[in-house]
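Chemist:
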Amino acid sequence: PTDSMITVFFTAYSPDGLIYFRGSQDNGDFISLELRNGSVVFKFYLGGESSVVVQSKKKSYNDGRTHTIRAIRTKQEGALQVDSEADRVTLTAPGANSALNVGDGNHFVGGVPASFNISKWERFDIQWRGFFGCISSVKPSQFNELDLDNPVRSQRKQPGCLMDGDRLHTTDRVIGFPHPGYFVVSGISMNTNSSLAFDFRTREANATLLFQSSRLATYHRREREASEGQGYLAFYLYQGYLVAHLGTDPAQRSKLVTLRTDAKLNDGHLHAVFLSRDGETVRLIVNDRLVANGTLSETAEIGSPRAQMFIGGFPDKVKPTSTEIPSSVPMIGCISDIYLNFKRVPLIPEVHNATIGMCKLEDPRPHAEEPLQADSGGESRRTADRLSVQLAAPTVELRGSMQVVNGPFSVQAMGSNLVLVPTRPPPEMNTDAPTDAPTDEEPTTTIEEATTQPTVPSPTCIAPPHRTSDKPGAARFGVTKRSHFRVTFPRKDDISFERFSLSFSFRTSKPNGMLWVWANYKNYTRYFNLSLAEGRLELTIKGHKEPMVMRIQEGLLDDNEWHTVKINKADKELRLQVDDLSTSEKRVPNPGVVRKRMFVGGISPQHEKILEMRGLDPKFPNFDGCISDFVLDGITYDLLTPTELARDVVPCVQPTPASYVYDEGYFTFDPPTYQGNVLQLGVEFRSGKANGWILALLEEKKSSTRVGLRLIAGKILFEVVIDGVKKYVHDYDSAEAPTCDGQWHHISVTLDGAKDEFIIIFDGDRVAISLDGTLTLKDFTKLKELPLHVGGLSARTLKNLDDGSQQRNSSLRGCFGRLQAGGADLAFETANTSHKVLLRECFYEDKTD
Numbered sequence: 001p002t003d004s005m006i007t008v009f010f011t012a013y014s015p016d017g018l019i020y021f022r023g024s025q026d027n028g029d030f031i032s033l034e035l036r037n038g039s040v041v042f043k044f045y046l047g048g049e050s051s052v053v054v055q056s057k058k059k060s061y062n063d064g065r066t067h068t069i070r071a072i073r074t075k076q077e078g079a080l081q082v083d084s085e086a087d088r089v090t091l092t093a094p095g096a097n098s099a100l101n102v103g104d105g106n107h108f109v110g111g112v113p114a115s116f117n118i119s120k121w122e123r124f125d126i127q128w129r130g131f132f133g134c135i136s137s138v139k140p141s142q143f144n145e146l147d148l149d150n151p152v153r154s155q156r157k158q159p160g161c162l163m164d165g166d167r168l169h170t171t172d173r174v175i176g177f178p179h180p181g182y183f184v185v186s187g188i189s190m191n192t193n194s195s196l197a198f199d200f201r202t203r204e205a206n207a208t209l210l211f212q213s214s215r216l217a218t219y220h221r222r223e224r225e226a227s228e229g230q231g232y233l234a235f236y237l238y239q240g241y242l243v244a245h246l247g248t249d250p251a252q253r254s255k256l257v258t259l260r261t262d263a264k265l266n267d268g269h270l271h272a273v274f275l276s277r278d279g280e281t282v283r284l285i286v287n288d289r290l291v292a293n294g295t296l297s298e299t300a301e302i303g304s305p306r307a308q309m310f311i312g313g314f315p316d317k318v319k320p321t322s323t324e325i326p327s328s329v330p331m332i333g334c335i336s337d338i339y340l341n342f343k344r345v346p347l348i349p350e351v352h353n354a355t356i357g358m359c360k361l362e363d364p365r366p367h368a369e370e371p372l373q374a375d376s377g378g379e380s381r382r383t384a385d386r387l388s389v390q391l392a393a394p395t396v397e398l399r400g401s402m403q404v405v406n407g408p409f410s411v412q413a414m415g416s417n418l419v420l421v422p423t424r425p426p427p428e429m430n431t432d433a434p435t436d437a438p439t440d441e442e443p444t445t446t447i448e449e450a451t452t453q454p455t456v457p458s459p460t461c462i463a464p465p466h467r468t469s470d471k472p473g474a475a476r477f478g479v480t481k482r483s484h485f486r487v488t489f490p491r492k493d494d495i496s497f498e499r500f501s502l503s504f505s506f507r508t509s510k511p512n513g514m515l516w517v518w519a520n521y522k523n524y525t526r527y528f529n530l531s532l533a534e535g536r537l538e539l540t541i542k543g544h545k546e547p548m549v550m551r552i553q554e555g556l557l558d559d560n561e562w563h564t565v566k567i568n569k570a571d572k573e574l575r576l577q578v579d580d581l582s583t584s585e586k587r588v589p590n591p592g593v594v595r596k597r598m599f600v601g602g603i604s605p606q607h608e609k610i611l612e613m614r615g616l617d618p619k620f621p622n623f624d625g626c627i628s629d630f631v632l633d634g635i636t637y638d639l640l641t642p643t644e645l646a647r648d649v650v651p652c653v654q655p656t657p658a659s660y661v662y663d664e665g666y667f668t669f670d671p672p673t674y675q676g677n678v679l680q681l682g683v684e685f686r687s688g689k690a691n692g693w694i695l696a697l698l699e700e701k702k703s704s705t706r707v708g709l710r711l712i713a714g715k716i717l718f719e720v721v722i723d724g725v726k727k728y729v730h731d732y733d734s735a736e737a738p739t740c741d742g743q744w745h746h747i748s749v750t751l752d753g754a755k756d757e758f759i760i761i762f763d764g765d766r767v768a769i770s771l772d773g774t775l776t777l778k779d780f781t782k783l784k785e786l787p788l789h790v791g792g793l794s795a796r797t798l799k800n801l802d803d804g805s806q807q808r809n810s811s812l813r814g815c816f817g818r819l820q821a822g823g824a825d826l827a828f829e830t831a832n833t834s835h836k837v838l839l840r841e842c843f844y845e846d847k848t849d
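Here the sequence shown stands for residues 1 to 849, numbered as in UniProt numbering.
1) Between Trp-518, Ile-118 and Phe-685, which lies nearest to Ile-747 when the distance is taken from Cα to Cα?
2) Thinking Asn-97 and Gly-48 are a contact (beta carbons under 8 Å), I'd like their distance in whole angstroms, please.
3) Does the stretch 696-706 come within contact of the stretch 466-477, defined as at least 3 CB pairs closer than 8 Å?
4) Tell me which same chain residues have a C-beta within less than 6 Å of the C-beta of Thr-321, skipping the five on either side of it?
5) Would Val-291 and Phe-198 qualify as a contact pair, given that the criterion is a beta-carbon distance under 7 Å?
6) Can you tell me whether Leu-91 is helix, strand or coil according to DSSP?
7) Starting from Thr-74, follow the beta strand (DSSP E) in both directions and report where the run begins and ends.
8) On a Cα-Cα basis, can you pick out the residue from Thr-705, Ile-761, Ile-694 and Cys-161 that is closest to Arg-813?
9) For the putative contact between Gln-76 and Thr-92, defined by C-beta atoms under 8 Å, what is the C-beta separation to the nearest angstrom?
10) Sorry if obvious, but does the Cβ on Ala-96 come closer than 6 Å to a heavy atom of the ligand FMN?
11) Using 10 angstroms around the beta-carbon of Lys-492, count the other beta-carbons present and answer buried if the total reaches 16, otherwise exposed.
12) What is the DSSP secondary structure of Thr-202, reduced to helix, strand or coil?
13) Restricting to runs no shorter than 3 residues, where is the beta strand (DSSP E) found entirely within the stretch 601-643?
14) Just verifying my parser: in three-state terms, what is the DSSP assignment at Asn-691?
15) Spatial neighbours of Lys-510 within its chain, please: CB distance less than 7 Å, with the 5 preceding and 5 following residues excluded, ordered by chain position.
16) What does a CB cutoff of less than 7 Å around Arg-710 pick up in its chain, not counting 5 residues either side in sequence?
17) Suppose the cutoff is 8 Å on Cβ atoms and the five residues either side in sequence are ignored; what does the same chain contact list for Gln-239 look like?
18) Count the C-beta pairs between the stretch 788-803 and the stretch 659-675 that are closer than 8 Å, then say yes if the count reaches three, no if not.
19) Considering only the alpha carbon of each residue, which of Leu-162, Gly-229, Leu-216 and Asp-267 lies closest to Arg-201?
20) Could you give the C-beta distance for Thr-705 and Lys-782, rounded to a whole number, given that I count them as a contact under 8 Å?
21) Rounded to whole angstroms, what's the CA-CA distance from Ile-447 to Gly-303? Just pull it up for me.
22) Between Gly-543 and Pro-589, is the Cβ-Cβ spacing less than 7 Å?
23) Along the alpha helix (DSSP H) that carries Ala-795, what are the first and last residues, could you check?
24) Apply the 10 Å Cβ neighbour rule to Ile-72 and answer buried if 16 or more other Cβ atoms are within range, or exposed otherwise.
25) Restricting to runs no shorter than 3 residues, where is the beta strand (DSSP E) found entirely within the stretch 477-534?
26) To the nearest angstrom, how far is it from the Cα of Ala-114 to the Cα of Asn-677?
27) Roughly how many whole angstroms lie between the Cα atoms of Phe-828 and Pro-672?
28) Which ranges would you report for the beta strand (DSSP E) in the stretch 199-286 if only whole runs of at least 3 residues count?
29) Compute the Euclidean distance between the alpha carbons of Lys-319 and Lys-784, then round it to the nearest angstrom.
30) Taking the continuous alpha helix (DSSP H) assigned at Lys-778, which residues delimit it?
31) Are Arg-477 and Val-649 touching if we call contact CB-CB under 7 Å?
32) Write down the C-beta distance between Leu-532 and Met-550 rounded to the nearest angstrom, noting that I regard them as a contact closer than 8 Å.
33) Pull the bridge partners of Ile-188 from the DSSP assignment, please.
34) Can you round the beta-carbon distance between Ala-79 and Thr-90 to whole angstroms, since I take them to be within the 8 Å contact cut?
35) Could you tell me the distance, in whole angstroms, from the CA atom of Thr-295 to the CA atom of Ser-137?
36) When DSSP builds the beta bridges, which residues end up paired with Met-548?
Here it is in structure tokens:
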């Protein structure tokens, strides 16, 4: 048809996601509605050059309120209206085509199945997944209103849309923070007979959990107002320990109680937190165990429903005071099941940058797969990464008039009140709040005094020990796009392509990637290629004729769980099996492949060039994940050694708090925010290298103005260069704390323009040196505008360096932990660019206390 219209009523909390799609696999014509960064986007393609993208003016349609979309196509003209004429945009597609030919294509609402082939439309950048919300009506003009209650198949769909006032009420209990974000809801209040409970899991040592304060003005409301009520509450992790504050004035000890756990909780496991306020007594219970209690003599009600509670972090414009929450680092992880007085707090965000209903943090414990809906049709992805947890209050069982808790206390019912009664005296708890403030003033020395200190020879470097993998000997591929391992055979008779057996295990979260390739590498006309294709295993065998493909359709294998592949070939009979799923058997050709070598995890750059010269598409990228237990004809091969056979392959580990920087690797961030003319940078690092960049502030194309912190021959060199002139240089060396000994170290450097001094802190050893007016205010202005680099510099930046250093081309290969700039923590996930790094995968052993 040349004319069509679609009307959709929807409510959403996700900034991105597919609302509606219909297209033809034959000719590629399609029409779609999607959310992108909160805007509604209307797209269609009519063949040839006739395509159009119409985007709404507003970018706030993921606010949980109901909105109406009217998308009208009149020949080549596309008109999009959301709610009213005030947001109406019309554009005309180029080209001569005017008819939309989608045949009998299905209507997809809210997303598409994982098995749906989207290759026809990849160039149109359609937002296929991510929608979270409610679609109550879809009315295409050529059809009756779609029956959303009775689809052909669906996944993660629930009937009905429950509204709370004018906002969508979600029954989900989980908030996921796969990257730094926030989730803002209406506030709560706690009187002298109340409780607050929630669950969380994370691997971050420092993380914001919950925060509410009467000092903060409401955020993102039409009328900004000071929060009603008084006082504040804060839950956060500091160095892995849970800290809770409750009170009305952080400056008066009698009006504040601070409780903390005696064990670290950043282990990636689920933890249940329960805080009770009973008269003047405040108790903190974690995982059904009383861990701390304190006295709050202030009896006033704390908080107000008209205030706002911040979950997981803070928007950029919200700055809580450090006296109320000393560590406001955003959380990477999940928070769920928030209960106030044993009633669940609904997750109705006023504003958010988080994932509702899903937790992407990998659970370190085995868990059963969550069943899908009956009408899923077997095509849906696994949902084992969804949290399934119960009431966050302590586990209770009813015994007459008493509720007994499985822990060192009981909850006794007295009328309508619940009173916590310890069953035995609690152990002594440390209730002191952590602080970064120095307790003693360090003496300040002059530059002359510091530079005349005797130096010591640089220490011998020690490579850090490797962490134990969840599978011994497992190899991590994907540090770069070209990582692979070459399996070689000294004699041709060592292997036969006519008869062989192969098995190995793998795990990955990526749906596509080459696992194993065996070919005639000069021209790639004959080969075995075992790959993941959209999460399913696919083996392609190419002999003299057309390629033959074997697939295991049952189950999706990109769930980051270990799976075992077995291939047995006897003459022309080949059997392929994954785990305990169904076996695929076929008669296949005997490709005349090279008998000297095969490749694991992908192909080499030389072979990529051969494919390019022949005009062939590799179809799949090299593998990004872990492979272990590679056994060929009964012989087990180590995929990590010898190193000359491995390219960009490292040991495989479970996710960790720290990130890994490989050779030539680096992270790059936008210019940090500083407090006035005080430039502070700090990071935890662990390396066995004597040379390499730790931190730097500089532009890629122009490095004549920069701040550099690096290791040279095991010594720390700090320098400030302004317009090619070295304004300040400081060498730091300590025999008591060598830098490349394979242990964790923390370094912090500060240029304080207000005090005219330079401060370096290395593993707690603080040295302050007067700058003697070396840096001007203009110099500080230039430095504050420079991007931050961590672990190394890009090849282009290194080429532009003008210092002539022989050590300048080195990344500091190793692991990097807590990163700070301007006194605030920076998450590595927020880096603008990164190269040759493993995010949250440090294969060195854990920190040693």
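Glycine residues also receive a C-beta, built at the ideal position from the N, C-alpha and C atoms. This one's a predicted model, so the numbers in the text were calculated from it and none came from an experiment.
Modeler: With the structure as the only source:
1) Phe-685
2) 5 Å
3) no
4) Within the same chain, Thr-321 has no close Cβ partners at all.
5) no
6) strand
7) 66-74
8) Considering only alpha carbons, the answer is Ile-694.
9) 5 Å
10) Absence of the ligand FMN from the depicted structure is noted, as is the absence of any ligand whatsoever, leaving it without description.
11) Label assigned to Lys-492: exposed.
12) strand
13) 625-632 and 635-637
14) coil
15) Asp-558, Asp-624 and Gly-625
16) Gly-692, Trp-693, Ile-694 and Leu-717
17) Ala-205, Asn-206, Lys-264 and Pro-434
18) yes
19) Asp-267
20) 5 Å
21) In this predicted model, Ile-447 has a pLDDT of only 29, less than 50, meaning its place in the structure is not dependable enough to derive any value.
22) yes
23) 795-800
24) buried
25) Listed in chain order, the complete beta strand (DSSP E) runs (minimum 3 residues) inside the stretch 477-534 are 484-488, 499-507, 513-519 and 527-533.
26) 51 Å
27) 13 Å
28) Inside the stretch 199-286, DSSP marks whole beta strand (DSSP E) runs of 3 or more residues at positions 207-213, 232-238, 241-247, 256-264, 271-278 and 281-286, from first to last along the chain.
29) 20 Å
30) 777-783
31) The amino acid occupying residue 477 in the given sequence is Phe; Arg does not appear at that position. Against a cut-off of 7 Å, the Cβ pair of Val-649 and Phe-477 comes out as a contact.
32) Taking a contact as a CB-CB distance under 8 Å, the pair Leu-532 and Met-550 does not count as one, their CB atoms being some 14 Å apart.
33) According to DSSP, which records beta bridges pairwise, Ile-188 is partnered with nothing at all.
34) Ala-79 to Thr-90, Cβ: 4 Å. Contact.
35) 54 Å
36) Ile-541
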